[in-house]
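Engineer: Have a look at the structure that comes next, please.
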Amino acid sequence: MKTPADDDNHLRYAEYVLGVLDADARAAVAHEVQTTEAAASAVALWQQRLMPLTEEVAQVEPPAYVWARIHHALHLNAPARGRPRQGLWNNLPLWHWLGIGASAVAVALLVVVTIPRTAPPAPTSTASPGYMVATIQQDNGVIGWTATMDPKNARMVVVPASPTAFARGRAPELWLIPPGAKPISVGMITPDKPTTLTLDPALVAQLGPKAALAVSVEPIGGSPTGQPTGPVIAKGAISGVPEARARPRKTAGTGFGSGATTAMLNASDRSGVQHKATTETDYRS
Amino acid sequence: MSVTRTVEQEELNQLLIETGSEDQKAFAELYKRTSSKLFGVCLRMLRDRSEAEEVLQETYTTVWRRASSFNAAKASAITWLMTLARNKSIDRLRQHREEQLDDPLKLDEAPDDQPTPAGEAETSQAHRRLQGCLDELEPQQRSSIREAFFTGATYNELATRCKVPLGTMKSWIRRSLMQLRTCLDQ
């Protein structure tokens, strides 16, 4: 037989599920649910009653890096399987890991990814510089992007390591800062996806261990002046990767499971996810 | 209260059970099939993208850790997941309740609570039943219940928003909850 007290008590569970209780009352019910079977059952019933309302809420696809962060937080070890439809080029956990933890492997991957799209690199060009990497960090030490440069093929891959929010109408622009010189625009980068930039020969000539990369906040179309106009939110020095370690197939084989490598080689729609940067800036140094 | 389960629900249950045995492939598939629903709810409650992303991340890391405690006999996977996402969103809201309290801008941004046409076609039998019972409530009380559910607001916040005394809001909500229970449990 029901008493008013029963009803009151029961209503607390309903109020808990509805979400109207303040922090203290919520914590009290949550504790009860953990410790008594009756509370757990009552709350479960109310969830069953009310949760169908969530069907009315419009679905919104979360950005890919949320899944990357979940993967990272849980130390899951099968990055390539997470979002199969996106292909490896767009696989943030993989890039993230490559960019920060294993630059040599990243370079190797860049070579493997690059080769099918371009003529095979001439084996005789021994004078050309090796691959270079840069970790572009915010002032607080958080890594914003990692960049891998392939001067031989005038190409750079910039991978976001952590999400950065931009106000409407603003976007990140990447700059190369040669030693003692003014910044040179490399191009606009996508905040939440890897960006492949084609480098102007004048810019390739400036790449080197004494130069740095920086990201500033600019209007969507890029800085109107050819120099950074917004705040510089991250920067990092460029470092070389010894040529000897950048042998694609050997190195790539050591870092991942065969599944990832196969997926990488089979990624058929690479061109679809790349972003060619068009830079309207005239280069000055 | 009987539960009619669809094929989709059964599949999600299965995926959540497999996630409980640390099956990463099942977890990835579960995420693929449910994250947009959960993210929509988190966004709706928090009205802030980066916060919603954080809460979604917390939700799924908890899903991975707690999936083994899921019992398909007690709840459907989607109810279990939504409950987690809503609880985490509400906890987050309570952390900065003060800022939310008198922010008319945020209230104005609230999307229409009526089902979207696309949503309508896809809603479950359980939803239609709940909708039927909600329709029997007084309009003001119905909208208070919906506002509470979709925004995670406290009694105090609801009373402020609807410009009624706290006691009035409490009795509206409580009466509505009792009426809903009677209607749904028939």
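Protein sequences appear in the order of chains A and B.
For any residue, its number in my numbering is found by taking its place in the first sequence, counting from 1, and adding 55.
For any residue, its number in my numbering is found by taking its place in the second sequence, counting from 1, and adding 15.
Even for Gly, the Cβ is constructed at its ideal location relative to N, Cα and C.
Predicted model, so just to flag it, every value in this text is computed and none were measured.
How many angstroms separate the CA atom of Ser96 of chain A from the CA atom of Glu68 of chain B?
Structural biologist: Here the question's residue 96 of chain A lines up with position 41 in the first sequence. Here the question's residue 68 of chain B lines up with position 53 in the second sequence. Distance between the alpha carbons of Ser96 of chain A and Glu68 of chain B is about 30 Å.
Engineer: Taking 7 Å as the cut-off, is the CB of Thr90 of chain A close to at least one heavy atom of the ligand NAP?
Structural biologist: In terms of ligand content, the structure shown is empty, and the ligand NAP therefore cannot be addressed.
Engineer: What's the call for Lys178 of chain B, buried or exposed, on a 16-neighbour Cβ count within 10 Å?
Structural biologist: The residue labelled residue 178 of chain B in the question sits at position 163 within the second sequence. It counts as exposed.
Engineer: Residues of the region 110-122 of chain A with a CB closer than 9 Å to any CB of chain B: list them in chain order, please.
Structural biologist: Answer in chain order: Glu110, Glu111, Val112, Ala113, Gln114, Val115, Glu116, Pro117, Pro118, Tyr120, Val121, Trp122.
Engineer: With DSSP collapsed to three states, give me the class of Gln192 of chain A.
Structural biologist: Taking the first residue of the first sequence as position 1, residue 192 of chain A is located at position 137. Strand.
Engineer: So, with DSSP's three-state summary, where would you put Val270 of chain A?
Structural biologist: The residue you call residue 270 of chain A lines up with position 215 of the first sequence. The answer is strand: DSSP assigns Val270 of chain A an E or B state.
Engineer: Tell me which same chain residues have a C-beta within less than 8 Å of the C-beta of Thr74 of chain B, skipping the five on either side of it?
Structural biologist: Walking along the second sequence from the start, residue 74 of chain B turns up at place 59. Excluding sequence neighbours, Thr74 of chain B sits near Leu53, Cys57, Leu96, Leu99, Ala100, Lys103.
Engineer: Is Ile188 of chain B close to chain A, meaning its C-beta is less than 8 Å from at least one C-beta of that chain?
Structural biologist: Counting from one through the second sequence, the residue named residue 188 of chain B turns up at place 173. Ile188 of chain B counts as touching chain A.
Engineer: Below 8 Å between beta carbons: does that hold for Val241 of chain A and Ala163 of chain B?
Structural biologist: Locating residue 241 of chain A in the first sequence gives position 186, counting from the first residue. Locating residue 163 of chain B in the second sequence gives position 148, counting from the first residue. Not in contact: Val241 of chain A and Ala163 of chain B (Cβ atoms no closer than 8 Å).
Engineer: Return the CA-CA distance between Thr245 of chain A and Thr49 of chain B, expressed in angstroms with no decimal places.
Structural biologist: Taking the first residue of the first sequence as 1, we reach residue 245 of chain A at position 190. Taking the first residue of the second sequence as 1, we reach residue 49 of chain B at position 34. Going by the C-alpha atoms only, they are around 26 Å apart.
Engineer: Opposite Ile355 of chain A in the DSSP bridges: which residues?
Structural biologist: Since the first residue shown for chain A is 56 and the last is 340, residue 355 of chain A is missing from the structure and cannot be characterised.
Engineer: Drop a sphere of 10 angstroms on the beta-carbon of Asn28 of chain B, count the other beta-carbons inside from all chains shown, and report buried for 16 or more, exposed for fewer.
Structural biologist: Along the second sequence, read from residue 1 onward, the residue named residue 28 of chain B stands at position 13. Answer is buried; the Cβ neighbour count reaches 16.
Engineer: Quick one: Cα of Gln72 of chain B to Cα of Val78 of chain B, how far?
Structural biologist: Taking the second sequence and counting its residues from 1, the one referred to as residue 72 of chain B is at position 57. Taking the second sequence and counting its residues from 1, the one referred to as residue 78 of chain B is at position 63. Near 10 Å, if we compare the C-alpha coordinates of Val78 of chain B and Gln72 of chain B.
Engineer: With DSSP as the reference, label Ser36 of chain B as helix, strand or coil.
Structural biologist: By one-based count along the second sequence, residue 36 of chain B stands at place 21. Ser36 of chain B: coil per DSSP, three-state reduction.
Engineer: Taking beta-carbon pairs under 7 Å, can you tell me which members of the region 56-70 of chain B lie near chain A?
Structural biologist: Taking 7 Å as the Cβ-Cβ cut-off against chain A, the residues of the region 56-70 of chain B that qualify are Val56, Leu58, Arg59, Ser65, Glu68.
Engineer: Check each residue of the region 34-55 of chain B: if its Cβ is closer than 8 Å to any Cβ of chain A, include it; give the result in chain order.
Structural biologist: So the list reads Gln39, Lys40, Phe42, Ala43, Tyr46, Lys47, Ser50, Ser51, Lys52, Phe54, Gly55, given in the order they occur along the chain.
Engineer: Who are the near neighbours of Arg196 of chain B in its chain, counting only those whose CB is closer than 8 Å to its CB and skipping five residues on each side?
Structural biologist: In the second sequence, counting from the first residue as 1, residue 196 of chain B sits at position 181. Nothing listed; no residue qualifies.
Engineer: Any C-beta of chain E within less than 9 Å: which residues of the region 217-248 of chain A qualify?
Structural biologist: Note that chain E does not occur in the displayed structure, where the protein chains are A and B.
Engineer: Suppose you measure from the CA of Lys89 of chain B to the CA of Leu173 of chain B; what does that come to, to the nearest Å?
Structural biologist: The residue given as residue 89 of chain B occupies position 74 in the second sequence. The residue given as residue 173 of chain B occupies position 158 in the second sequence. Spanning the two alpha carbons is a distance of roughly 31 Å.
Engineer: Name, going along the chain, the residues of the region 94-113 of chain B whose beta-carbon falls closer than 9 Å to a beta-carbon of chain A.
Structural biologist: The region 94-113 of chain B vs chain A, Cβ under 9 Å: Thr94, Trp95, Met97, Thr98, Ala100, Arg101, Asn102, Ser104, Ile105, Asp106, Leu108, Arg109, Gln110, Arg112.
Engineer: Taking the alpha-carbon positions, what's the Met204 of chain A to Arg157 of chain B distance?
Structural biologist: Locating residue 204 of chain A in the first sequence gives position 149, where the first residue counts as 1. Locating residue 157 of chain B in the second sequence gives position 142, where the first residue counts as 1. Rounded to the nearest angstrom, the two C-alpha atoms are 59 Å apart.
Engineer: Is Arg67 of chain A close to chain B? Criterion is C-beta to C-beta, closer than 8 Å.
Structural biologist: Within the first sequence, numbered from 1, the residue matching residue 67 of chain A stands at position 12. It does not: the Cβ of Arg67 of chain A has no partner Cβ on chain B nearer than 8 Å.
Engineer: Which one or two residues does DSSP pair with Met211 of chain A in a beta bridge?
Structural biologist: As a position in the first sequence, residue 211 of chain A is number 156, starting the count at 1. Looking at the DSSP assignment, Met211 of chain A forms a beta bridge with A:Met204, A:Leu252.
Engineer: Using CA atoms only, rank isn't needed, just tell me which of B:Arg189, B:Ser191, B:Tyr170 is closest to Leu181 of chain B.
Structural biologist: Within the second sequence, the letter at position 166 stands for residue 181 of chain B. Of the candidates B:Arg189, B:Ser191, B:Tyr170, the one whose C-alpha sits nearest the C-alpha of Leu181 of chain B is B:Tyr170.
Engineer: Tell me the DSSP secondary structure of Ser50 of chain B in three-state form.
Structural biologist: Position 35 of the second sequence holds residue 50 of chain B. Residue state, collapsed to three classes: helix.
Engineer: Based on Cα-Cα distance, which residue from B:Glu33, B:His142, B:Leu152, B:Ala92 lies nearest to Trp187 of chain B?
Structural biologist: For the purposes of this step, residue 187 of chain B is taken as residue 172 along the second sequence, with counting starting at 1. Out of B:Glu33, B:His142, B:Leu152, B:Ala92, B:Leu152 has the C-alpha closest to the C-alpha of Trp187 of chain B.
Engineer: For the beta strand (DSSP E) holding Ile232 of chain A, just list the boundary residues, first then last.
Structural biologist: In the first sequence, residue 232 of chain A corresponds to position 177, counting from 1. Counting along the chain, the beta strand (DSSP E) containing Ile232 of chain A begins and ends at 225-232.
Engineer: Start and end of the beta strand (DSSP E) containing Ile244 of chain A?
Structural biologist: On the first sequence, residue 244 of chain A is found 189 positions in, with the first residue counted as 1. Per DSSP, Ile244 of chain A belongs to no beta strand (DSSP E) and is neither H nor E.
Engineer: Out of B:Leu31, B:Gln140, B:Ile160, point me to the one whose CA is closest to Ser191 of chain B's CA.
Structural biologist: For the purposes of this step, residue 191 of chain B is taken as residue 176 along the second sequence, with counting starting at 1. The candidate whose alpha carbon is nearest that of Ser191 of chain B is B:Ile160.
Engineer: Tell me whether Val22 of chain B is buried or exposed, calling it buried when 16 or more other Cβ atoms sit within 10 Å of its Cβ.
Structural biologist: Translated into the one-based positions of the second sequence, residue 22 of chain B becomes position 7. So Val22 of chain B ends up on the exposed side.
Engineer: Taking the continuous alpha helix (DSSP H) assigned at Met97 of chain B, which residues delimit it?
Structural biologist: Here residue 97 of chain B corresponds to residue number 82 of the second sequence, with the count starting at 1. Start and end: 92-110.
Engineer: Does the separation of the CB atoms of Leu199 of chain B and Arg144 of chain B fall below 8 Å?
Structural biologist: The residue given as residue 199 of chain B occupies position 184 in the second sequence. The residue given as residue 144 of chain B occupies position 129 in the second sequence. Yes, they are a contact pair.
Engineer: Could you tell me the alpha carbon to alpha carbon distance between Thr34 of chain B and Ser83 of chain B, rounded to whole angstroms?
Structural biologist: Here residue 34 of chain B is taken as the residue at index 19 of the second sequence, counted from 1. Here residue 83 of chain B is taken as the residue at index 68 of the second sequence, counted from 1. Going by the C-alpha atoms only, they are around 7 Å apart.
Engineer: Hey, is Gln282 of chain A's beta-carbon within less than 8 Å of any beta-carbon in chain B?
Structural biologist: Here residue 282 of chain A is taken as the residue at index 227 of the first sequence, counted from 1. So no, Gln282 of chain A is outside the interface.
Engineer: Kindly list, in the order they appear in chain A, the residues whose Cβ is closer than 8 Å to that of Leu173 of chain B.
Structural biologist: Taking the second sequence and counting its residues from 1, the one referred to as residue 173 of chain B is at position 158. Val75, listed in chain order.
Engineer: Using a threshold of 8 Å, state whether the C-beta atoms of Ala209 of chain A and Leu254 of chain A are closer than that.
Structural biologist: Position 154 of the first sequence, counting from 1, holds the residue named residue 209 of chain A. Position 199 of the first sequence, counting from 1, holds the residue named residue 254 of chain A. A contact, by the Cβ cut-off of 8 Å.
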